[in-house]
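The block underneath contains the structure these notes are about, expressed in structure tokens.
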Amino acid sequence: MKSILSTFVLLALLVACQAPAEEGSLPESLEEKRSLLREKQKELQRLKIDIAELEAAILAQDPDAQKANPLVRTQRVEKGDFSSYVTLQGSVAADALVGASAEIGGRVTQLLVKEGDNVRRGQLVAVIDVEALEKQRAELVTSLDLATTVYERQKRLWEQNIGSEIQFLQAKNNKERLEKSLEVIDVQLTKNKVYAPISGVVERELVQAGELASPGMPIVQILNTNELKVVADVPENYINVVSPDKRIKVTVPALEMEKILPISLIGKTVDPANRTFK
Numbered sequence: 002m003k004s005i006l007s008t009f010v011l012l013a014l015l016v017a018c019q020a021p022a023e024e025g026s027l028p029e030s031l032e033e034k035r036s037l038l039r040e041k042q043k044e045l046q047r048l049k050i051d052i053a054e055l056e057a058a059i060l061a062q063d064p065d066a067q068k069a070n071p072l073v074r075t076q077r078v079e080k081g082d083f084s085s086y087v088t089l090q091g092s093v094a095a096d097a098l099v100g101a102s103a104e105i106g107g108r109v110t111q112l113l114v115k116e117g118d119n120v121r122r123g124q125l126v127a128v129i130d131v132e133a134l135e136k137q138r139a140e141l142v143t144s145l146d147l148a149t150t151v152y153e154r155q156k157r158l159w160e161q162n163i164g165s166e167i168q169f170l171q172a173k174n175n176k177e178r179l180e181k182s183l184e185v186i187d188v189q190l191t192k193n194k195v196y197a198p199i200s201g202v203v204e205r206e207l208v209q210a211g212e213l214a215s216p217g218m219p220i221v222q223i224l225n226t227n228e229l230k231v232v233a234d235v236p237e238n239y240i241n242v243v244s245p246d247k248r249i250k251v252t253v254p255a256l257e258m259e260k261i262l263p264i265s266l267i268g269k270t271v272d273p274a275n276r277t278f279k
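Count the sequence shown with my numbering and you get residues 2 to 279, in order.
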């Protein structure tokens with residue numbers, strides 16, 4: 002009995018040692034491989050049946066175990082246009098930045114607007130001191146009165162054939178010259194007020210109240226906010242893509258604004274520093 006048991010243990014040990022090698026090896030002949038494949042396929046089919054039966058049994062006892070079927074939606078493919086965009090950084094600029102300039106020189110006595118104020122065209126923005134012009138006018142009036150008196154006297158003498166013609170002409174010329182000078186002073190006195198040439202926003206104050214202004218010198222700069230443009234530097238490799246018939250999408254994050262705008266102008270030169278055009 003003891004010998005039989007030892008023999009059985011030896012055989013079992015031999016089978017156990019040889020089993021892994023047999024399981025991991027494949028038949029050498031093609032027929033044996035095909036036969037083994039058919040057996041494995043049958044085993045797989047039996048496993049699928051067993052799995053299906055187990056799932057059905059579990060679902061019967063636990064309905065929540067069923068997974069939700071994924072929703073599938075179909076859509077008909079249609080032909081349409083495709084838009085491709087290139088993102089670029091740009092800046093908003095104004096076409097009109099105009100200065101409200103003084104036509105005469107003098108000290109600014111009043112500056113009636115400040116930076117950020119909205120102004121309309123023709124609105125008074127500054128007043129210039131004309132005290133010096135008023136003094137010149139008073140002197141001209143006095144000189145003109147004297148010249149008029151001299152002219153009238155020379156005229157009467159000339160009509161009486163008394164005195165020389167040159168004296169009469171000199172008196173006449175002096176009177177007319179002073180009259181023209183007085184007209185010029187009167188026109189200058191009307192230009193002591195500076196008005197806004199356009200409607201917009203005061204962008205910058207160039208002269209403060211109490212400072213001297215020169216003829217043609219801007220006192221304030223006014224920005225026309227109704228006519229703005231977006232300027233961007235575009236890489237030169239897009240020079241054949243950008244054209245006036247194209248439209249661009251402009252986004253201003255700070256204002257939460259987005260608009261589709263046409264291209265109004267394309268630069269004709271390429272900046273050699275960064276190889277871009279505007």
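Yeah, the Cβ is synthetic: ideal placement off N, Cα and C, and Gly gets one too. Being a predicted model, the structure only gives us computed values, none of them experimental.
The straight-line gap separating the alpha-carbon atoms of GLU237 and THR252 is approximately 22 Å. For TYR196, there is no enclosing alpha helix (DSSP H); the residue is part of the beta strand (DSSP E) that begins and ends at 194–196.
LEU38 and LEU45 have their C-alpha atoms some 10 Å from each other. Residue range 258–263 is occupied by the beta strand (DSSP E) that includes LYS260.
Between the alpha carbons of ILE50 and THR75 lies a gap of roughly 32 Å. Here GLY201 is buried: its Cβ has 16 or more other Cβ atoms, across all protein chains shown, within 10 Å.
Per DSSP, SER26 has no beta-bridge partner at all. Setting aside the 5 residues that flank it on each side, SER182 is surrounded in the same chain by LEU141, each with a C-beta closer than 6 Å to its C-beta; the list follows chain order.
Annotation: the continuous alpha helix (DSSP H) that includes ILE52 extends over 31–62.
Comparing alpha-carbon positions, the option among GLN171, SER244, GLU166 and ASN174 lying closest to GLY268 turns out to be SER244. Taking 8 Å as the cut-off, the beta carbon of THR110 is found no closer than this to the beta carbon of ALA214. Annotation for GLN62: no residue places its beta carbon closer than 8 Å to its own, counting only its chain and skipping 5 residues before and after.
As the crow flies, the alpha-carbon of GLU228 is around 10 Å from that of VAL93. Contact annotation: VAL126 and ALA103 have beta-carbon atoms that are not nearer than 8 Å. Scanning its chain for C-beta atoms nearer than 6 Å, with the 5 sequence neighbours on each side dropped, one finds around LEU158 the residues GLY164, in chain order.
Comparing alpha-carbon positions, the option among GLN168, ARG138, ALA139 and LYS173 lying closest to THR149 turns out to be LYS173. Counting only runs of 3+ residues, the beta strand (DSSP E) found wholly inside the segment 193–230 occupies 194–196, 201–206 and 219–224, in chain order. Within the same chain, VAL109, ALA214 and ILE220 come within 6 Å of VAL208 by CB-CB distance, once the 5 residues on both sides are set aside. Assigned with DSSP and collapsed to three states, ILE129 falls in strand. The beta-bridge partner set that DSSP reports for LYS250 consists of ILE261. It is roughly 56 Å from the alpha-carbon of PHE278 to the alpha-carbon of GLN137. Straight-line spacing of the CA atoms in ILE129 and VAL188 works out to 14 Å.
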